[in-house]
Amino acid sequence: MVFPIIAAAISAVASAVSSIGPAVAGFCTNVLPKIVPVIEKGMEILRVVSNVASMVCQVFGIFNKDETAENLGDRALQAAEKGITPDKYDDFDDYLDKLRSFNINPEQSEKIPPEQKIMAGLALAGKGLDEKLNAPEGTTGNLWALVGGKPEYFTADKITSLLKSGQDIMSVVDYFEGKLGAGEALEVEDKLMALDKSITPEKTNKAILDDLYAAASAVRGQVE
31 MVFPIIAAAI
41 SAVASAVSSI
51 GPAVAGFCTN
61 VLPKIVPVIE
71 KGMEILRVVS
81 NVASMVCQVF
91 GIFNKDETAE
101 NLGDRALQAA
111 EKGITPDKYD
121 DFDDYLDKLR
131 SFNINPEQSE
141 KIPPEQKIMA
151 GLALAGKGLD
161 EKLNAPEGTT
171 GNLWALVGGK
181 PEYFTADKIT
191 SLLKSGQDIM
201 SVVDYFEGKL
211 GAGEALEVED
221 KLMALDKSIT
231 PEKTNKAILD
241 DLYAAASAVR
251 GQVE
C-alpha cells in the first residue's frame, strides 16, 4: 500500500525529473517506476543509491570528483526552469559544463526536496553512462533500482566492474528481476559468477552463488 503522502511525493518526483526534458524520457519511463520502492524505503537508502551512482560516474569521467547526483540534480532542476535542458546541446558533456557554471539559487535549493534532486541526478547519471557506453537510452539507469534492492551487494565497485565487463546490462537487470527464461538465466548467472570471482577470488563458488541469489531475491521482492 502506498500512503497518500508517499504517492504525492512520488508524483512530485516524476514531475520534477520530467522537467529536464526528452533526454531523460527513457529514465522516466523505464527506471523511475522501479525506484518507487526505494523512495518508499526513505532517504537513507536513496542516498546510498545516490552515492553509488555518483562514484560510478566519477570513475567513468561523467561527474567530476566533487560532484554528486544530488547536487547536479539540484542544478539540473533549477536550470530547467531557465530553459537549460540537455536537448538544447549537441553534446551531453557541454550540458553538464553549463550546469557547472549555472548560478543556483541557495534559497530555492532549500525548497527542493532531496528526493527530487537525487532522482534528477540519477537520471543524469544514467544518461551520461548510456552515452559513454553507447547503450540504448534508458538502459544503465536500471542499475540504480538494483542498488536500492540490495545495496550491500550492488556496491560502486560491483557496478563499475559490471559496466566495464561489456555484459549486456538489460540481460543482467532482467536476471535480477526474474524476467529471463531458464536457459538465458543460467547463461547470465555464469557470467555474473565469473565477474564476482574476479573481484573476490577468495570467496568460494557457493558463497558467491548464495550472495547472488540473495541479491536476486531482494530485487524481485522489490519489483513484485
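Taking the working numbering, I'd label the letters of the sequence shown as residues 31 to 254.
Virtual Cβ for every residue (Gly too), placed ideally from N, Cα, C.
A quick note: this is a predicted structure, and the numbers were derived from the prediction, not measured.
Residue i to residue j, Cα distance in whole Å?
| i | j | result |
| --- | --- | --- |
| residue 43 | residue 227 | 38 Å |
| residue 249 | residue 90 | 25 Å |
| residue 88 | residue 97 | 8 Å |
| residue 115 | residue 45 | 15 Å |
| residue 236 | residue 118 | 50 Å |
| residue 108 | residue 162 | 25 Å |
| residue 121 | residue 199 | 23 Å |
| residue 73 | residue 244 | 23 Å |
| residue 135 | residue 230 | 45 Å |
| residue 133 | residue 112 | 11 Å |
| residue 224 | residue 124 | 37 Å |
| residue 203 | residue 191 | 15 Å |
Here's a check: name, in chain order, each residue in its chain whose Cβ is nearer than 6 Å to the Cβ of residue i, leaving out the five neighbours to either side.
| i | result |
| --- | --- |
| residue 110 | 49, 50 |
| residue 181 | 78 |
| residue 246 | 206 |
| residue 83 | 99, 152, 155, 174 |
| residue 208 | 250 |
With a CB to CB cut of under 8 Å and the five nearest residues on each side skipped, what residues in its chain are close to residue i?
| i | result |
| --- | --- |
| residue 47 | 54, 57, 58, 62, 146, 149, 150, 153 |
| residue 201 | 210, 214, 218 |
| residue 95 | 88 |
| residue 185 | 82 |
Which residues in the same chain have their Cβ closer than 7 Å to the Cβ of residue i, if we skip the five residues on either side of it in sequence?
| i | result |
| --- | --- |
| residue 129 | 102, 105, 106, 109 |
| residue 33 | The pLDDT assigned to residue 33 is 45, lower than 50, so where the model puts this residue is not dependable; a value taken from the coordinates is nonetheless given after this. If we look at residue 33 and ignore the five residues flanking it on each side, it has no Cβ neighbours. |
Could you give the first and the last residue of the continuous alpha helix (DSSP H) run that contains residue i?
| i | result |
| --- | --- |
| residue 206 | 199-206 |
| residue 178 | 172-179 |
| residue 69 | 62-71 |
| residue 187 | 186-194 |
Please determine if the region 141-152 and the region 76-84 are in contact, where contact requires at least 3 C-beta pairs separated by less than 8 Å. Contact between the region 141-152 and the region 76-84 is present, because at least three Cβ pairs lie under 8 Å.
The region 155-166 in contact with the region 51-59 per 3-pair CB rule at 8 Å: Three or more Cβ pairs drawn from the region 155-166 and the region 51-59 lie within less than 8 Å of each other, which places the two stretches in contact.
Determine, using beta-carbon pairs with one atom in the region 163-179 and one in the region 136-146, whether at least three such pairs fall under 8 Å. Here the region 163-179 does not lie against the region 136-146, with fewer than 3 beta-carbon pairs under 8 Å apart.
Within 8 Å, do at least three Cβ pairs link the region 66-75 to the region 173-186? Per the Cβ contact rule, the region 173-186 is in contact with the region 66-75 (3 or more Cβ pairs under 8 Å).
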